[in-house]
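>
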Amino acid sequence: MARTNMKTVSLVLGSGGARGLAHIGVIHWLEENDYKIRSIAGSSIGALIGGIYAAGKLEEYERWVRAIRKVDIVTLLDLSWGKSGLVKGDKIINTLIDLVGEQLIEDLPIQYTAIATDVKGQREIWIKSGRLFDAIRASISIPLLFTPFKHRGVDLIDGGVLNPVPVAPTIGDDTDMTLAVNLGGPAESSEELNGMSSSAAFHSPLLHEKINHFISRLQRSVTSSSGRDWGAYDIAIQAFEAMQSAIARQKLASYPPDVVIEIARNACRTFEYDRAAEMIELGYRKARECLSQATWQKGNDER
C-alpha cells in the first residue's frame with residue numbers, strides 16, 4: 001500500500017570533504033522515517049553524493065566508500081603537476097562513472113542542482129542539465145588540489161568557494177520542508193562527537209597521510225629543481241575550510257532553511273575517507289536528533 005503521509009523535502013547538501021559522507025546517513029534517516037526527497041542542491045561533496053542518490057546508486061557508492069580503507073586510494077590520483085591544480089580528477093570521475101553509469105541530469109527522477117564557481121567571472125554557477133558527472137567534476141574542484149573543469153567554455157572550480165550550503169536553488173520548491181546539511185558546524189569535543197572511538201579518531205592511518213607519502217615518493221622521482229612545498233597544500237585546504245565555514249553562516253542567515261543539521265567542522269579532516277562508517281553513522285544520528293517527530297511538530301506549531 002502506498003504511503004500518503006510522507007513529508008516532502010528539498011535537501012541541501014553542503015561542501016566539506018570527507019565529512020560529507022555524513023550526507024549518506026542523513027539520507028538513510030529520511031528514507032526510514034517517511035520523508036520523500038523531491039529536490040537536491042549540492043555543493044562539492046554534497047553535489048557528488050546528492051547526484052549519486054538522485055541516480056539511484058547510493059547503495060553501490062556506499063559499499064564502495066565503506067571499503068575504501070582496503071583499497072590503495074592513491075591509485076585514483078592522476079597527478080597533473082600543473083600550476084592550476086595537483087590532481088586532474090579523471091580517474092576518480094571515471095571510477096564513479098563505472099560504479100554509477102552515465103546519467104543526464106534532466107533524466108534524473110529528482111530535481112538536481114550542482115553548484116560550481118566561475119572563478120574568473122566571480123560568480124556561482126547552477127548546473128541543472130547535461131552530464132551528471134560533468135556537473136559533479138566541476139563542483140568538487142577544490143582549488144589547488146583539483147585542476148579546474150572546463151564546462152561549456154567556462155573554467156569552473158569548487159562550488160564551496162562561493163556557496164558551501166546552497167539553499168537558494170531550492171527556493172520556490174513545492175515541498176513541505178527545506179533541510180540543509182552544513183558540514184562547517186561549530187567544533188565539538190570528542191565527548192560531544194560521541195560514537196567515534198578515540199582509537200579510530202586519533203590512531204587510524206589517515207588517508208591524508210597516505211596521499212602525502214605517495215606524493216613524496218613521486219616527488220623524489222622528478223628533478224629536485226621543481227621546488228614544490230607539499231605542506232602548502234595542507235595549509236591551503238585549512239584556509240579553504242575556514243573560509244567555507246564563514247560563508248556558510250552568512251548564506252544560512254540570508255536564506256534560512258526550515259531545518260539545519262550541523263556537522264562539526266572537526267568531525268574529521270578533508271581527506272579522511274577511510275572513516276566512512278563513522279561519518280555515515282554521525283549523519284544518521286544528527287538527523288535523528290534534529291528531526292525527531294517532536295522537534296518537527298514543534299517547528300510546525302511555531303509557524
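First residue of the sequence shown: 1, per the numbering used here; consecutive thereafter.
Here a beta-carbon is modelled for each residue, glycine too, at the ideal position from N, C-alpha and C.
Tell me whether residue 286 is buried or exposed, calling it buried when 16 or more other Cβ atoms sit within 10 Å of its Cβ.
Residue 286 comes out buried.
> Going straight from the alpha carbon of residue 43 to that of residue 5, what length do you get?
Taking the straight line joining both Cα atoms gives about 30 Å.
> So, under 8 Å CB-CB, residue 111 and residue 55 are touching, yes? Tell me the CB distance rounded to an integer number of Å.
Incorrect: roughly 13 Å between the Cβ atoms, too far for contact.
> Name the DSSP beta bridge partners of residue 182, please?
According to DSSP, residue 182 bridges with 262.
> DSSP state of residue 42, grouped into three classes?
Note: residue 42 maps to strand in three-state DSSP.
> Measure the C-alpha to C-alpha separation of residue 247 and residue 165 and round it to an integer number of angstroms.
Spanning the two alpha carbons is a distance of roughly 9 Å.
> Measuring straight from C-alpha to C-alpha, what distance separates residue 364 and residue 279?
Outside the displayed span of the chain (1 to 303) sits residue 364, for which this structure offers no information.
> Is the stretch 49 to 63 close to the stretch 169 to 188, with three or more CB pairs under 8 Å?
Not touching, per the Cβ criterion.
> Pull up the CB-CB distance for residue 113 and residue 162, whole angstroms please, since I reckon it's below 8 Å.
Incorrect: roughly 14 Å between the Cβ atoms, too far for contact.
> Give me whichever residues DSSP pairs with residue 126 in a beta bridge.
Paired residues: 115.
> Pick out whichever of 292, 284, 155 has its Cα sitting closest to the Cα of residue 27.
The residue with the shortest Cα to Cα distance from residue 27 is 284.
> Have a look at residue 139 and residue 240 and give me their C-alpha separation to the nearest angstrom.
When rounded, the distance between both Cα atoms is 15 Å.
> Between residue 305 and residue 58, is the Cβ-Cβ spacing less than 8 Å?
With the chain covering 1 to 303 only, the question about residue 305 has no answer from this structure.
> Which residues does DSSP list as the beta-bridge partners of residue 23?
According to DSSP, residue 23 bridges with nothing at all.
> Once DSSP output is grouped into helix, strand and coil, what is the label at residue 8?
Strand at residue 8.
> Since residue 157 and residue 169 should fall inside the 8 Å C-beta cutoff, what is the C-beta to C-beta distance between them, to a whole number of angstroms?
No, residue 157 and residue 169 are not in contact; Cβ-Cβ is about 18 Å, not under 8 Å.
> For residue 60 and residue 16, what's the separation of their Cα atoms in angstroms?
Cα to Cα, residue 60 sits roughly 22 Å from residue 16.
> With a threshold of 7 Å, establish whether the CB of residue 41 neighbours any heavy atom of the ligand ATP.
Ligands are entirely absent from the displayed structure, and the ligand ATP is therefore not among its contents.
> In the DSSP assignment, find the unbroken alpha helix (DSSP H) run with residue 155 in it and report its ends.
From DSSP, residue 155 is part of no alpha helix (DSSP H) but of the beta strand (DSSP E) over 154 to 158.
> Would you please state the rounded distance, in angstroms, between the beta carbons of residue 18 and residue 115? I believe it to be under 8 Å.
Not a contact, Cβ separation roughly 19 Å.
> Residue range of the beta strand (DSSP E) that residue 271 falls in?
From DSSP, residue 271 is part of no beta strand (DSSP E); its letter is neither H nor E.
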